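See structure below.
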Amino acid sequence: MGHAGLQLVMAMDAILKNLSARCALGELDKRRADLWFVTVDPAHVRPALAHLRDNEGFTHLVLLTAVDWMEEGRFQLTYLLHNRAAALDVGLRCFIDRETATMESIHDMWATAATYQRELKEMFGIDFPGSPGVDDEFILEGWAEIPPYRRDFDTLAYAEATYTNRPGRASEDPEEYMQRKLYPEGA
Amino acid sequence: MSLRDILSPLTAWKNLLREPGTIKDPLNREAADRYRGFHKNDAALCIGCGTCEAICQNAAIDMVAVDGIETVSGNSGLRPRIDYGRCCWCALCVDVCMTSSLTMSNHYTWVESDPDAYRFIPGVDKKAWDSCEKGYTRAEGHRLTPTKRAHMGEMEPEQRIGGFAEIVNGYSVEEALAEADRCVSCGLCIATCPAHMSIPRYIEAVRDGDYTRGVSLLYETNPFSQVCGRVCTHKCEDACASAHEGEAIAIRWLKRHITDNATAADFQQAAGTAAPATGKRVAIIGAGPAGLTTAFDLAKMGHAVEIFEARPHAGGMFRYGIPEYRLPYDVMDRDIQVILDMGAQLHCNTRVGESITMEQLREQFDAVALCIGLHLGRGTRIPGSEHPAVTKAVDLLRDITEGKEVVVPEKLVVIGGGNVAMDIARSMGRLQTQRYGKLDVTVTALEDRAHFLADPDEIRECGEEGIAIYDARGPREIVLDDNGGLVGLKTFKVLSIFDKDGRFAPSYDESDARIHHADMVVEAIGQMSDVSLLGEALTEALEWNRGRIKADADGCTSEPWLWAAGDCVHGPDVIHAVADGHRVAASVDAYLKGA
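Protein sequences, first through last, are from chains A and B. The first sequence begins at 1 in this note's numbering and counts up one residue at a time. The second sequence begins at 1 in this note's numbering and counts up one residue at a time.
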């Protein structure tokens, strides 16, 4: 590792140490020297974000996104922050219950968060009470199904029920077609 | 109003002479290198598995027949047709494609007045972007389905060579789930399986952990699923779509996993119950896979079935021809018991032609099925091969199964490159190890390594157990000493096996001769049926096909009361024998209903 790499690692380690002094940290995933993800409890997300923004120079909220871990009955939220001056990225992860699916809003910390939270409400059904326009339609006008990014939403069934085929479409099942062609007498 | 608001319109003049930033011709603007544009398909590489259609979340893909593309084993002959009225360019079809034949060009503009033009078969309906090199392909190393098989535990070579215990452990639930998850359920395997087992559906049962459903699906087409879960020739795996860019799904081991985890009640339920008695009687000669499958089906149909077996136990070639380390006796006995529980009556130690004649069977029964296997070994007929220390593999394997005291030489040479050669080499190697504490077995095969007839697993395991394999060696003479004692086998290097017309006519390099020293030589170069039970009159009356009894697709011989099935008709293959049994049973049933 070169000098620059070593500096990065030292900088990240210091950030991690400072953060761990303020809240309990869960699983740590160091993807690169300048990019790592750490899991925190949902209740510690706001204080951790505030610390990173105000004390560590992570002033830019790159994105807020979700993953549906359906089998585990929970959603993962990832808050990705960027430190422009030091060219470092930190992702804060937290897990929330899939049934209740509610998380504290951070629109007051970054105005752009309101847009991400509005999207997550519409696509995953994750609520952020108090976030501006969070209940307004975003892109799914008149949507009556379960949120489409939830993994139990059946995209194919929806597409087949909603859209008609052009006349003349027909398909063969490879399994049946092969048996018919190779064994015409049904043997 | 600020000064800036007053001055800013004037600052626009500074751009007057600059090159405009607008695009002159947006229709001809090239997209990024990996842009997801219109599809391409290498129709020669595509196998028509339909996985692209199955994954499409917009139902934009149809699988359609294409003129000039034949349906063959492992290739349905169908090709994907895409409706761009529905495609959302998500590229899942490209990511899942089992052969990487389906890709996307970075061509994204296309103007037509006919909306039907936007539905076409990539790679077949020629398009301007077919030769476009840029576009989206699946990134190297990224696959939606793993290419490696789940791990299968097996006994270490030094441990297994000391006895006949089963080598392969079978999958744990976790391993089976991982392996079942690799299957894309395309179904290309089904047509290739002689019994047309519903492979994707029983693999789905493994995924669901529903072994009751799994064993039910197995019994729909195969009452020998425990046996076939271990020793099937698994041609299905050759046709597997996963084999194109990785390892084929371990279909055989997944079948075994179902039978290992199903309960006795599951088997009983899957086998079903017999229909009311029809009053018709059927005799079956031979209690191997073909005979027992025929018996199972006919007994289920309500016919009274009696099986005549010359040996002390049922099982035929898979009991007397396959070593116990590959197929344990208790496993095959469980399969056989389910079949016999359907009501067929088994007469062991009853050799037709001695205990009872074919003529008597014909008189006493409404139909007779001949399922006699291939119990006689073929000989090389090379000089010296009549020596008492030269023997046939099938005879020796049968003696081992029956627990007879067999001569165990300190040095053994086997002639043959098929599974039977490997079976006898490994069986005798075990007996040598037990008796002498060491093994000295040599296999000489006519074929070179690239064309071996034996399964790759068998060859690998032979090597692990310390058996020497000499490929491309043609047997020329059994070498004897002055006292008539066996010295060994003389072989020449094989230059070619077939002549220019494809006929068996090996040619040798006689300058490359080798003596393989041995106390015993075993011939494992093929088997044939013992048809002496037929008697002279029936042998004369029957039509023959190059030494085998002639039978049509339903197993009917030229005698209207006699059917033939299994190895004696189609050659050695358990699953083929099962498929034959089903066909013969259906044909006999139709005959009895019409009689």
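Each residue gets a CB set at the ideal place from its N, CA and C atoms; glycine is no exception. Computed from a prediction, not measured in an experiment: that's the story for all the values here.
Residue i to residue j span [Cα, whole Å]
i, j, result
"Val-569/B", "Ala-524/B", "20 angstroms"
"Ile-96/A", "Val-67/A", "11 angstroms"
"Ser-171/A", "Ile-23/B", "41 angstroms"
"Glu-175/B", "Val-331/B", "21 angstroms"
"Cys-88/B", "Tyr-136/B", "14 angstroms"
"Ala-304/B", "Val-574/B", "25 angstroms"
"Gln-345/B", "Arg-326/B", "28 angstroms"
"Val-588/B", "Gly-417/B", "37 angstroms"
"Cys-232/B", "Asn-419/B", "12 angstroms"
"Leu-534/B", "Leu-254/B", "41 angstroms"
"Ser-8/B", "Val-94/B", "51 angstroms"
"Val-368/B", "Glu-72/A", "60 angstroms"
"Gly-547/B", "Pro-289/B", "22 angstroms"
"Gln-226/B", "Ser-496/B", "40 angstroms"
"Gly-581/B", "Ala-270/B", "18 angstroms"
"Gly-187/B", "Cys-46/B", "15 angstroms"
"Thr-65/A", "Asp-54/A", "22 angstroms"
"Leu-217/B", "Asp-181/B", "18 angstroms"
"Asp-83/B", "Asn-165/A", "9 angstroms"
"Ala-151/B", "Asp-457/B", "For the sequence presented, residue 151/B should be read as His rather than Ala. So the two alpha carbons sit approximately 14 angstroms from each other."
"Gly-555/B", "Ala-310/B", "22 angstroms"
Where the alpha helix (DSSP H) through residue i begins and ends
i, result
"Thr-192/B", "188–192"
"His-257/B", "251–261"
"Phe-164/B", "Element bounds for Phe-164/B: n/a, residue is neither H nor E."
"Tyr-202/B", "199–208"
"Gly-429/B", "419–436"
"Asn-531/B", "It is worth fixing the name first, because residue 531/B is Val in this sequence and not Asn. Where Val-531/B is concerned, there is no enclosing alpha helix (DSSP H), given that its DSSP letter is neither H nor E."
Minimum Cβ-Cβ distance from residue i to chain A less than 8 angstroms
i, result
"Arg-138/B", "no"
"His-234/B", "no"
"Ala-275/B", "no"
"Asp-605/B", "The first residue shown for chain B is 1 and the last is 595, placing residue 605/B beyond what the model contains."
"Gly-77/B", "yes"
"Asp-341/B", "no"
"Asp-589/B", "no"
"Ala-553/B", "yes"
"His-313/B", "no"
"Pro-517/B", "Residue 517/B is actually His in this sequence, not Pro. Not one chain A Cβ lies under 8 angstroms of His-517/B."
"Arg-36/B", "no"
8 angstroms Cβ cutoff, residue i in contact with chain B
i, result
"Glu-160/A", "yes"
"Glu-145/A", "no"
"Glu-175/A", "yes"
"Glu-72/A", "no"
"Lys-181/A", "yes"
"Leu-140/A", "no"
"Arg-169/A", "yes"
"Glu-185/A", "yes"
"Met-103/A", "no"
"Met-178/A", "yes"
"Leu-156/A", "yes"
"Tyr-163/A", "yes"
Unbroken beta strand (DSSP E) run spanning residue i, endpoints
i, result
"Ile-307/B", "304–308"
"Asp-97/A", "88–97"
"Ile-284/B", "281–285"
"Glu-402/B", "No beta strand (DSSP E) holds Glu-402/B; DSSP gives it neither H nor E."
"His-628/B", "For residue 628/B there is no data in the structure shown, the boundaries of chain B being 1 and 595."
"Gln-76/A", "74–83"
Residue i: CB within 7 angstroms of a non-hydrogen atom of the ligand MG
i, result
"Leu-156/A", "Absence of the ligand MG is noted for the structure shown, with no ligands found whatsoever."
Where residue i sits in the DSSP three-state scheme
i, result
"Phe-58/A", "coil"
"Ala-34/A", "The displayed chain sequence assigns Asp, not Ala, to residue 34/A. Asp-34/A falls in the coil class under three-state DSSP."
"Trp-544/B", "strand"
"Asn-483/B", "coil"
"Val-578/B", "helix"
"Tyr-470/B", "strand"
"Ser-558/B", "coil"
"Val-124/B", "coil"
"Asn-15/B", "helix"
>> At a CB distance below 8 angstroms, what residues from the stretch 174–193 of chain B approach chain A? Give them in sequence order.
In response: Close to chain A, meaning a Cβ-Cβ distance shorter than 8 angstroms, are the following residues of the stretch 174–193 of chain B: Cys-186, Gly-187, Leu-188, Ile-190, Ala-191.
> For the stretch 39–70 of chain B, which residues have a CB atom closer than 7 angstroms to at least one CB atom of chain A, in sequence order?
Replying inline: Gly-48, Cys-49, Gly-50, Glu-53, Gln-57, Asn-58, Ala-59, Asp-62, Met-63, Val-64, Ala-65
> When Cβ atoms are compared, which residues of the stretch 83–101 of chain B fall closer than 8 angstroms to chain A?
Replying inline: Asp-83, Gly-85, Arg-86
>> Against chain A, which members of the stretch 206–239 of chain B pass a CB distance test of less than 7 angstroms?
In response: none
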